[in-house]
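Chemist: Would you mind keeping the following structure in view while I ask a few things?
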Amino acid sequence: MIFGYARVSTDDQNLNLQIDALKNYGIDKIFQEKVTGSKRERPQLTEMEKMLRTGDSVVVYKLDRISRSTKHLIELSETFESLGVNFISLKDNVDTSSSMGKFFFRVMASLSELERDIIERTKSGLDAARARGKKGGPPSKDADLIELALKMYDSQEYSISQILSASKLSKTTLYRYINKKRG
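Take 21 as the starting number for the sequence shown in the working numbering and just add one per residue.
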């Protein structure tokens, strides 16, 4: 049998993209979950693992949909290998039926974990900055300089380069405020 596994992290996300890709592959049975990747308990994944037999295949849309970490992904691949089950990741072009597929699978698992770690560290850094009253994005422009630039523009006595020089605004920023003023 060919089993598919699809997972999203939150209830407001949907599984449609993954399920469509799995159905197009020709999956016999799809297991679906809405649970964060960091959670150890995954009832549908556990249920699927109980059903696996030699010669079966497990197909996922992407590697990060099935595992919590590189270690977990390698544990799953070892379980699949010991059962004689092929593992396929559609988007990562992994198919463990070949030795090159097994090698590539382990490299991709490491990269997926690295990517997730970077995202988590970025989120943590942003949360820490917000807790200290910082906000993301470019620094706010001085309201007096914006007002000066708009008055100069409205007077039609100054060129754009003179306005930019006096206000220290970029051309894009100047035009954004002009368009905002026009409504």
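Ideal Cβ positions, reconstructed from N, Cα and C, are used throughout, including at glycine.
L189 and A169: beta carbons closer than 7 Å?
Modeler: Stepping through the sequence shown from its first residue, residue 189 is reached at position 169. Stepping through the sequence shown from its first residue, residue 169 is reached at position 149. Against a cut-off of 7 Å, the Cβ pair of A169 and L189 comes out as a contact.
Chemist: Exposed or buried, what is D174 when buried is set at 16 or more other beta-carbons lying within 10 Å of its beta-carbon?
Modeler: Counting from one through the sequence shown, the residue named residue 174 turns up at place 154. Answer is exposed; the Cβ neighbour count stays below 16.
Chemist: What are the residues that DSSP puts in a beta bridge with Q52?
Modeler: By 1-based counting over the sequence shown, the position of residue 52 is 32. In DSSP, Q52 forms a bridge with A26.
Chemist: With a threshold of 8 Å, are at least 3 pairs of Cβ atoms found where one atom belongs to the stretch 106–123 and the other to the stretch 59–79?
Modeler: Touching, yes.
Chemist: Going by beta-carbon coordinates alone, are I47 and I22 separated by less than 7 Å?
Modeler: By one-based count along the sequence shown, residue 47 stands at place 27. By one-based count along the sequence shown, residue 22 stands at place 2. In contact: I47 and I22 (Cβ atoms closer than 7 Å).
Chemist: Within 10 angstroms of the Cβ of G24, are there 16 or more other Cβ atoms? Answer buried if so, exposed if not.
Modeler: Counted from its first residue, the sequence shown places residue 24 at position 4. When all chains shown are included, G24 counts as buried.
Chemist: I need the boundaries of the beta strand (DSSP E) containing N199, first residue and last residue.
Modeler: Numbered from its first residue, the sequence shown carries residue 199 at position 179. Note, N199: premise wrong, no beta strand (DSSP E); alpha helix (DSSP H) at 191–202.
Chemist: Just to check my reading of the structure: D84 and R136 have Cβ atoms closer than 8 Å, yes? What is that Cβ distance to the nearest angstrom?
Modeler: Within the sequence shown, residue 84 is the residue found at index 64, counting from 1. Within the sequence shown, residue 136 is the residue found at index 116, counting from 1. 7 Å between Cβ atoms; contact.
Chemist: Go through its chain and collect everything with a Cβ distance to A148's Cβ below 8 Å, but skip five positions before and after it.
Modeler: The residue labelled residue 148 in the question sits at position 128 within the sequence shown. Within the same chain, A148 has no close Cβ partners at all.
Chemist: Label Q133 either buried or exposed according to how many other C-beta atoms from any shown protein chain fall within 10 Å of its C-beta, with 16 as the threshold for buried.
Modeler: Locating residue 133 in the sequence shown gives position 113, where the first residue counts as 1. What sits at residue 133 in the sequence shown is Glu, not Gln. Per the 10 Å Cβ criterion, buried.
Chemist: Quick check on D112: buried or exposed, where buried means 16 or more other Cβ atoms within 10 Å of its Cβ?
Modeler: In the sequence shown, residue 112 corresponds to position 92, counting from 1. The residue in question, D112, is buried, as its Cβ has 16 or more Cβ neighbours within 10 Å.
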